[in-house]
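Visitor:
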Amino acid sequence: MDKVPMTVRGEQQLREELDRLLKRRPLITQAIAEARELGDLKENAEYHAAREEQGICEAQIRDIEYKLSVAQVIDIAKMPNNGKVIFGSTVTLIDCNTDDEVTYQIVGDDEADIKQNLISINSPIARGLIGKEEGDEVSITVPGGVKEFEIDSVEYV
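Last residue of the sequence shown: 1369 (my numbering), numbering continuous.
#1: Which value, in whole angstroms, describes the spacing of the CA atoms of D1364 and E1277?
#2: In three-state DSSP terms, what is Y1278?
#3: Mind the definition here: the stretch 1351-1367 touches the stretch 1244-1257 only if three or more C-beta pairs lie below 8 angstroms; say whether that holds.
#4: Buried or exposed, going by whether 16 or more other CB atoms sit within 10 Å of the CB of G1347?
#5: Would you say the stretch 1318-1330 touches the stretch 1295-1309, given that touching needs at least three Cβ pairs under 8 angstroms?
#6: Roughly how many angstroms separate the alpha carbons of R1274 and S1332, rounded to a whole number?
#7: Beta-carbon separation of M1218 and L1226 under 9 angstroms?
#8: Which two residues bound the contiguous beta strand (DSSP E) that contains G1357?
#9: Given a cut-off of 9 angstroms on the beta-carbon distance, is the pair V1220 and V1282 in contact?
#10: May I have the straight-line CA-CA distance separating G1340 from V1350, to the nearest angstrom?
#11: Looking at the unbroken alpha helix (DSSP H) that takes in T1304, where does it start and where does it end?
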């Protein structure tokens, strides 16, 4: 079983979600018991809705527990910054064609959120940046074509 990289923040978010779901479990069980008391289970919409909610909740719990079991939590802040782009680093890029500046943090698949500039380690941009250093110019093939970037800074925060 391969380990999946995850940031400390990503692990914390998963643990909080797991805790929330585990607290919801008894409430769902109670809703099933109350719906069962209403009578005929074949035509009991409340019962069927509660059972469906229970199934979804249990599936989410199993999924999160699995993700945490295969996670390799990497605390980038404890690593010495040598200017190299690695998992967890925050990279500021300058588009060589437009001089636009953009900053991304390279995170695990479950943490990725482009709106917050969190990109997956498996994204084309992250794969093109891993191993490069501050000052390097990189050509990265993205769905829209080839982009040229200069790595302005690499932070381990």
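Even for Gly, the Cβ is constructed at its ideal location relative to N, Cα and C.
Guide: So, to answer that:
#1: Pairing D1364 with E1277, the inter-Cα distance amounts to about 38 angstroms.
#2: Three-state result, Y1278: helix.
#3: Short answer: they don't touch.
#4: Exposed, since its Cβ has fewer than 16 Cβ neighbours within 10 Å.
#5: Cβ pair count under 8 angstroms is three or more, so yes.
#6: Between R1274 and S1332, the C-alpha separation is close to 22 angstroms.
#7: The beta carbons of M1218 and L1226 sit closer together than 9 angstroms.
#8: Taken as a continuous stretch (DSSP letters only), the beta strand (DSSP E) holding G1357 covers 1357-1367.
#9: For the pair V1220 and V1282, the CB atoms are not nearer than the 9 angstroms cut-off.
#10: About 7 angstroms.
#11: First-last for T1304: 1302-1307, but that is the beta strand (DSSP E), not the alpha helix (DSSP H).
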